[in-house]
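So the structure is just underneath, and the comments pick up after that.
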Amino acid sequence: MLNFRNAQVPILGFAAFSGTGKTTLLKKIIPLLRLNDLNVGLIKHSHHSFEIDYPGKDSYELRQAGASPVMLSSSHRRAIIVEHRVIREPTLAEELAYFDQTDLDLILVEGFKRERFPKIELHRPALGKPLLFPDDETIIAIATDTEPAVTPGIPRLDINDPDQIARFICQEFLPHARA
Numbered sequence: 015m016l017n018f019r020n021a022q023v024p025i026l027g028f029a030a031f032s033g034t035g036k037t038t039l040l041k042k043i044i045p046l047l048r049l050n051d052l053n054v055g056l057i058k059h060s061h062h063s064f065e066i067d068y069p070g071k072d073s074y075e076l077r078q079a080g081a082s083p084v085m086l087s088s089s090h091r092r093a094i095i096v097e098h099r100v101i102r103e104p105t106l107a108e109e110l111a112y113f114d115q116t117d118l119d120l121i122l123v124e125g126f127k128r129e130r131f132p133k134i135e136l137h138r139p140a141l142g143k144p145l146l147f148p149d150d151e152t153i154i155a156i157a158t159d160t161e162p163a164v165t166p167g168i169p170r171l172d173i174n175d176p177d178q179i180a181r182f183i184c185q186e187f188l189p190h191a192r193a
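The sequence shown begins at 15 in this note's numbering and counts up by one.
Here is the structure:
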């Protein structure tokens, strides 16, 4: 089911409004997936400008001088910083083209909720935000802390049960995504 441009392995998104707990949940799910011998990559979309480098560091100064991309490399990790020449929201397909998918079994995506790829919706009715799944047929399950006001017609998961969500990914999503 790898029909998403530039995806070499299954990708699964976690779509929700800000404040729902996407990062908190992913921090619990990723170790559970690793226990199932899955190599997991992650792409996180940010709506804000961000810096991973800072003034005073050589790499920052070289980037400010006009170098792009800039790669920082050590025995422990590699980071590549690319300045976008045109300021606009990136697409997931564009980002996947730059994402090293070697040796990965799964890419989790936080954000890019308006794009068309398989996603689990995270929903907390107490936040007063609308459900996403009625308008997005790419949502394959909903994880919530109460029964949704609308019957989903897709699997309902407990947002507070990371084990259940990890099982769903391993037993339901991955076998179909790899087919």
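Quick reminder that beta carbons are idealized off the backbone N, C-alpha and C, glycines included.
For residue j and residue i, believed in contact at Cβ under 8 Å, the rounded distance
{"i": "ASP159", "j": "ARG138", "result": "6 Å"}
{"i": "LEU146", "j": "GLY35", "result": "Not a contact, Cβ separation roughly 15 Å."}
{"i": "ILE43", "j": "ALA180", "result": "5 Å"}
{"i": "PHE18", "j": "ALA107", "result": "7 Å"}
Coarse secondary structure for residue i, derived from DSSP in three states
{"i": "PHE64", "result": "coil"}
{"i": "VAL164", "result": "coil"}
{"i": "ILE193", "result": "Here the sequence assigns Ala to residue 193, which means Ile is not the residue at that position. If DSSP states are grouped into helix, strand and coil, ALA193 belongs with coil."}
{"i": "ASP172", "result": "strand"}
{"i": "PHE182", "result": "helix"}
{"i": "PHE28", "result": "strand"}
{"i": "MET15", "result": "With a pLDDT of only 42 at MET15, under 50, the local geometry of the prediction cannot be trusted, and the value read off the model is given with reservation. The answer is coil: DSSP assigns MET15 none of H, G, I, E or B."}
Residue i, buried or exposed, once every other Cβ within 10 Å from all chains shown has been counted against 16
{"i": "PHE182", "result": "buried"}
{"i": "VAL195", "result": "This structure cannot speak to residue 195, because the chain is shown only from 15 to 193."}
{"i": "ALA81", "result": "exposed"}
{"i": "LYS127", "result": "buried"}
{"i": "GLY27", "result": "buried"}
{"i": "PRO24", "result": "buried"}
{"i": "ILE153", "result": "buried"}
{"i": "ALA140", "result": "exposed"}
Please go through the segment 85 to 152 and give each complete beta strand (DSSP E) segment of 3 or more residues, from N-terminal end onward.
92 to 95, 120 to 124, 133 to 137
Below 8 Å, can you find three or more Cβ-Cβ pairs linking the segment 108 to 127 to the segment 164 to 176?
no
Write down every uninterrupted run of the alpha helix (DSSP H) in the segment 31 to 60 whose length is 4 residues or greater and which is fully enclosed by it, in chain order.
36 to 49
Would you be able to state if there are at least three C-beta pairs under 8 Å between the segment 87 to 101 and the segment 58 to 75?
yes
State whether the segment 153 to 167 contacts the segment 42 to 54, with contact taken as three or more CB pairs (one from each stretch) at a distance under 8 Å.
no
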